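First comes the structure, then the notes that go with it.
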Amino acid sequence: MEIVTLVSLLSLYCDFTDAECLVISPARLVVKYGDPASSNCSSDTPVEMGWEAIQGGVGLTDKEVKILRWRVDSVTEWYSTPTCYTEGGQCQKQLDITVYKLPDSVSISYRKYPDPMVEGHQYLLQCLVQNIAPIGRLRVTFYKVSATGEQTELDTQQKSKDNIKTPENGTYTLDFTPGRDDDGAQLLCSAMLDLGPEGPQPPPVMVSNRLNTNVHYKPQITRSPGCFSMSITEGDTLSLACSANVDYLPIIAGLASVVILLAISCFIYSSYYKHRRISY
Ligand SMILES: *[C@@H]1O[C@H](CO)[C@@H](O)[C@H](O)[C@H]1NC(C)=O
Ligand SMILES: *[C@@H]1O[C@H](CO)[C@@H](O)[C@H](O)[C@H]1NC(C)=O
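If you count by mature numbering (1 follows the signal peptide of the UniProt record, and there is no 0), then the sequence shown holds residues -19 to -1, 1 to 261, one letter each, in order.
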């Protein structure tokens, strides 16, 4: 039993020493494009080592060393994979580096400008994020700010493009169906670059312009309380009022006829009572 434990412990130790032949510190870097970057490669025992890299590469050292630094004044390589190695490539360790660039602009617009925007119809919103890297780390959120200033999150999107490291233009779309309450609301999108704990904190966020919404909606007929039910005493004057609260009346012929019908019924109703009053 003890022997088994000892053997497994030994093998664990051996695996461990083999895996940790070289240690990179920091092992992960998040660098803004154009900024300096550096990381150290170290070994417990002195060895000849070098850094293989497109930028800041260091050839194999003549002497055995315990530490070797990789350093770049200005990172301008998107696909940088600095790798520390020992003689003959017996041991290799790659530095995990993410080069990022904040977007040049974030803007929101309609795919096709709605003229007019009608209640209940569907419109396509698009959020354009220009020149961003890496696009797979970008989270785009659409928001609606009501006329009273209340902000609602509509949707959050992220593209699964982890292999693309160079700057990209990202287009994010969302179907938007306005209701009458959305009249006077504003739409916007925000782009957040979440680069993890090694990245800038809090994650940088860029917010778009605001898009106004003017929703055309069907007229709402409001009846004055007396229009359809009213009790009057003899001799009182009877006044009837029907009003239509029409807010932007587009091409709604059907509703126009409803209004006309109401007006006619009010007229008939009132003349009937007038007639009765006169006939007394
Ligand atoms: C790398 O090692 C050098 C020398 O030990 C030290 O001065 C430097 O701060 C280290 N750099 C990093 C990034 O750890
Ligand atoms: C992004 O859009 C801009 C402006 O339209 C254009 O100049 C640029 O080439 C585009 N970039 C990519 C990677 O497509």
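Glycine included, every Cβ here is placed at the ideal spot set by N, Cα and C.
Keep in mind it's a predicted model, so treat the numbers as computed, not measured.
So, at 6 Å on beta carbons, what are the nonlocal neighbours of residue i in its own chain, with the 5 sequence-adjacent residues on each side left out?
| i | result |
| --- | --- |
| Arg92 | Leu105, Gln107 |
| Pro95 | Tyr104 |
| Gly180 | Val11 |
| Asn150 | Gln111 |
Quick one: residues in its chain with C-beta nearer than 8 Å to the C-beta of residue i, no 5 flanking neighbours on either side, listed in chain order?
| i | result |
| --- | --- |
| Asp16 | Ser55, Val56 |
| Asp77 | Ala8, Arg9, Leu10 |
| Ala128 | Asp164, Gly165, Ala166 |
| Thr64 | Trp32, Glu33, Ala34, Gln73, Lys74, Gln75, Leu76 |
| Pro206 | Any answer about Pro206 is weak, because its pLDDT of 49 lies below 50 and its placement is not dependable; what the coordinates show is given next. No residues qualify anywhere along the chain. |
Rounded to whole angstroms, how far is the Cβ of residue i from the Cβ of residue j, which I believe are closer than 8 Å?
| i | j | result |
| --- | --- | --- |
| Thr62 | Cys2 | With a Cβ gap of about 19 Å, Thr62 and Cys2 do not count as contacting. |
| Ala166 | Lys125 | 6 Å |
| Leu174 | Pro183 | About 11 Å separates the two Cβ atoms, so there is no contact after all. |
| Ser19 | Ile5 | With a Cβ gap of about 11 Å, Ser19 and Ile5 do not count as contacting. |
Using a Cβ-Cβ cut-off of 7 Å (strictly less than) and excluding sequence neighbours within five positions of residue i, which residues of its own chain qualify?
| i | result |
| --- | --- |
| Thr152 | Gln107, Leu109 |
| Thr147 | Trp59, Ala114 |
| Gly40 | Gly31 |
| Ile145 | Pro115, Ile116, Gly117 |
Quickly, what does DSSP pair residue i with across the bridge? List them, please.
| i | result |
| --- | --- |
| Asn151 | Checking the sequence shown, residue 151 turns out to be Gly, not Asn. BP columns for Gly151 point to Val110. |
| Trp32 | Val39, Cys65 |
| residue 262 | This structure cannot speak to residue 262, because the chain is shown only from -19 to 261. |
| Glu134 | Tyr124 |
Could you check which residue in the options has the C-alpha nearest to that of residue i?
| i | options | result |
| --- | --- | --- |
| Thr158 | Leu135, Asn150, Gly117 | Leu135 |
| Gln71 | Ser24, His102, Ser6 | Ser24 |
| Ser29 | Ala18, Val39, Tyr14, Val46 | Note that residue 29 is Glu in the sequence shown here, rather than Ser. It is Val46. |
| Val121 | Ile89, Lys146, Gly130 | Ile89 |
| Thr133 | Lys142, Gln139, Phe123 | Phe123 |
| Gly117 | Asp143, Ser20, Cys170 | Asp143 |
| Arg191 | Tyr198, Glu179, Leu168 | Leu168 |
| Ser86 | Leu242, Ser246, Met187 | Met187 |
| Thr194 | Glu100, Lys146, Gln36 | Glu100 |
| Arg50 | Glu58, Gly37, Asp43, Trp59 | Gly37 |
Taking 7 Å as the cut-off, is the CB of residue i close to at least one heavy atom of ligand 4?
| i | result |
| --- | --- |
| Thr194 | Of the ligands one can find in the structure shown, namely ligand 1 and ligand 2, none is ligand 4. |
### Message
Quick check on the contact list: which residues have their beta carbon closer than 7 Å to a heavy atom of ligand 2?
### Response
Gln111, Asn112, Pro148, Glu149, Asn150
#### Entry: Lining residues of ligand 1 - beta-carbon closer than 7 Å to any non-hydrogen atom, in sequence order
Ser6, Pro7, Ser19, Ser20, Asn21, Ile48, Arg50
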